[in-house]
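Numbering (our numbering), first residue to last: 16 to 691.
Beneath this line is the structure, given in structure tokens, with notes to follow.
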């Protein structure tokens, strides 16, 4: 029996369901004003974002999460809690998958056990007392605060809580007043040792067996193993290895302390005093009490007089008004300081060889960003960052300069951009507002030169950015390694690719109507179907924001946070993309590419629009279904032979200058122009 209880603010029209089957019935407010008392008679709850999930968890019943519009809802309404965490990362988007989860409820399958464990987590992570006596406590508090003498007092309520009945299916981990027992944190301190800084946490008498302690954030996590039984003390390192580079800070953000076990928890009773803020050359950290637990807040290593809007305004005024002595240096920034990669990295490598005396400064958001050996890290917003921005002879960026850049007579800006375009850009897009037009033109006037991968891009740049100066049509330095046959074993090791595995790189672009990576594939099951001799790398766009933990599955590696996509193209045997500019870069390798475009009509007509007909000119098969994609990857070498002529025309048009010498030509051009 399916009971449909619509929210009173969004009733919708469900009449078709009951008309089809007597086993579908409406449970509206006319039939039952308050649905809460009826929850104990429900065997399974299916919901999306409703707080009813917390209430229903008190019964011990299983919850299935049906959220086909999670991306739109999270963006439009906002969520207090990461939805992937809230739903145990097992929400589904179709009724067929709802039925599969319903079949698993109560079974001794991995999914069935996972659903049962999550009910316990929902209850214990969000409820403090489980004794059925909340009403008495509220009434007692009212009577106490109003000074009213009545039958109910706080003492009476406490006695009732101790002696009262206990609801069925509640956990046994309770203390006499009905509160849930929490693990006690008796020590929390920052430590500096020979092997680096760490957070020391000691937990006395955990209420459940703990298999590990974790600091978990949106973009990274730190794990510490523990020995089962008794109190435990763990040391969580605050410098980590990311993609083969050791000694990096955690990305800035909040990291919640979580105890792992059969049912994990982040709700803790903190008895320890909190240490003062910890400062390190790569990061600052402080411990906070948040939502019944401990949160480690990591931030960029800015001094006190560099932090905050007011201090940044002061530093910016000094930068704009002051005079700066020129320095024989280049200021490099890639994707707004999120990585040291792309064309700026290709140019930096060439500068190190051709002009080693020129200082190479990298503008980065924090100490989690790896930079090349011999280069200098600049934390965005620091006093030194503002100084170098005015002193360096050349600024090399692959996106907008942002902040109010003031050019000096000794300075030049090289805009490298970050890809040949299929989708329309800037002023070439439909319905561009006046404000956007002004911003685009103001930005493009800051550029002394604009690097183009080919003549096709140069023509589009002139219209899309109203760019009137000449472009430098020299090819892309980021692709030099793709055609020089560089050793890729180090990249394979850093990514974790098994020896001998055939590598499929899935790299979809971002969408204007969403912040998450597109989810047209169940990537976990798709990676399994590829076979034991394959590994699938999944690369979200740099603008993709993930709501929670990375994808984790056998033969599936989430490389969204990997700093340089060119490395991934270097190790890929097959590229799967949709409308991303990697389609052009990868063609320099001569390896097969497959276009997976289930939303081709929507993207080309409603979101962006294309500069050319992808279906007519694609150098590989264009597919729209999961089955077609699987066949195309399996038969990729056969398809490469079939598309040989189209691929040759594609390379001639888009990558004729990607010959391994683009970086040298760009640096030589800067030298001849007198920039260096």
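Here a beta-carbon is modelled for each residue, glycine too, at the ideal position from N, C-alpha and C.
query                                                                                                                                                                    : result
Rounded to whole angstroms, what's the CA-CA distance from residue 13 to residue 685? Just pull it up for me.                                                            : With the chain covering 16 to 691 only, the question about residue 13 has no answer from this structure.
If we count the other Cβ atoms within 10 Å of its Cβ and call it buried at 16 or more, is residue 377 buried or exposed?                                                 : buried
Please state whether DSSP places residue 261 in a helix, a strand or coil.                                                                                               : strand
CB-CB under 6 Å to residue 427, same chain, minus the five flanking residues each way: which ones, in chain order?                                                       : 409, 463, 690
Which same chain residues end up closer than 7 Å to residue 227 when comparing Cβ atoms and leaving out the 5 residues on each side of it in sequence?                   : 238, 239, 240, 241, 275
Secondary structure at residue 344, three-state DSSP: helix, strand or coil?                                                                                             : strand
In chain order, what residues of the same chain have a beta carbon less than 8 Å from the beta carbon of residue 484, not counting five sequence neighbours either side? : 462, 463, 464, 465
What beta strand (DSSP E) runs, 3 residues minimum, are completely inside the stretch 558-610?                                                                           : 571-573, 589-592
Closest to residue 295 by C-alpha separation, out of 206, 680, 373, would be which residue?                                                                              : 206
Indicate the three-state DSSP secondary structure (helix, strand or coil) for residue 415 in the structure shown.                                                        : coil
With 16 other CB atoms within 10 Å as the buried threshold, where does residue 692 fall?                                                                                 : Outside the shown range of the chain, which is 16 to 691, sits residue 692, and nothing can be said about it.
Just checking my contact of residue 672 with residue 413 at CB under 8 Å: how many whole Å lie between their CB atoms?                                                   : The Cβ separation is near 17 Å, so there is no contact.
Determine the burial state of residue 406: buried for a count of at least 16 other Cβ atoms within 10 Å of its Cβ, exposed for fewer.                                    : buried
Nearest-angstrom Cα distance between residue 392 and residue 314?                                                                                                        : 16 Å
Can you name the start and end residues of the beta strand (DSSP E) that residue 430 belongs to?                                                                         : 427-430
Could you give the first and the last residue of the continuous beta strand (DSSP E) run that contains residue 229?                                                      : 227-231
How many whole angstroms separate the CB atoms of residue 452 and residue 442, which I take to be in contact at a CB cut-off of 8 Å?                                     : 6 Å
Under 6 Å Cβ to Cβ from residue 390, same chain only, skipping five residues before and after it: list those, please.                                                    : 375, 377
Taking 8 Å as the threshold (beta carbon to beta carbon), is residue 366 in contact with chain D?                                                                        : No chain D is part of this structure, which consists of one protein chain only.
Alpha carbon to alpha carbon, what distance is there between residue 38 and residue 30?                                                                                  : 13 Å
Within the chosen definition, does the stretch 129-144 reach the stretch 265-280 through at least 3 CB pairs nearer than 8 Å?                                            : yes
In whole angstroms, what is the alpha-carbon distance linking residue 182 and residue 52?                                                                                : The predicted model places residue 182 with a pLDDT of 40, which falls under 50 and marks its position as unreliable, so this point remains unresolved.
Straight-line CA distance for residue 624 to residue 446?                                                                                                                : 12 Å
Are the stretch 606-617 and the stretch 493-504 touching by the rule of at least three beta carbon pairs closer than 8 Å?                                                : no
Which residue's Cα is closest to the Cα of residue 358: 33, 677, 17?                                                                                                     : 677
Taking buried to mean at least 16 other C-beta atoms within 10 Å of its own C-beta, is residue 110 buried or exposed?                                                    : exposed
First and last residue of the beta strand (DSSP E) that includes residue 275?                                                                                            : 268-275
Which same chain residues, not among the five before or five after residue 384, have their C-beta less than 8 Å away from its C-beta?                                    : 263, 352, 353, 354, 355, 377, 392, 578
Counting pairs of beta carbons, one from the stretch 252-262 and one from the stretch 505-514, are three or more of them closer than 8 Å?                                : yes
If the criterion is Cβ atoms closer than 8 Å, does the pair residue 420 and residue 455 meet it?                                                                         : no
Have a look at residue 60 and residue 523 and give me their C-alpha separation to the nearest angstrom.                                                                  : 34 Å
Within its chain, find whatever has a CB closer than 8 Å to the CB of residue 515; leave out the 5 residues flanking it on each side and keep chain order.               : 548
Leaving out five residues before and five after residue 335 in sequence, what residues of the same chain have Cβ atoms less than 6 Å from its Cβ?                        : 421
Provide the residue span of the alpha helix (DSSP H) that contains residue 332, from first to last.                                                                      : 323-336
For the beta strand (DSSP E) containing residue 16, list its first residue and its last residue.                                                                         : Run containing residue 16: none; DSSP gives neither H nor E here.
Opposite residue 549 in the DSSP bridges: which residues?                                                                                                                : 517
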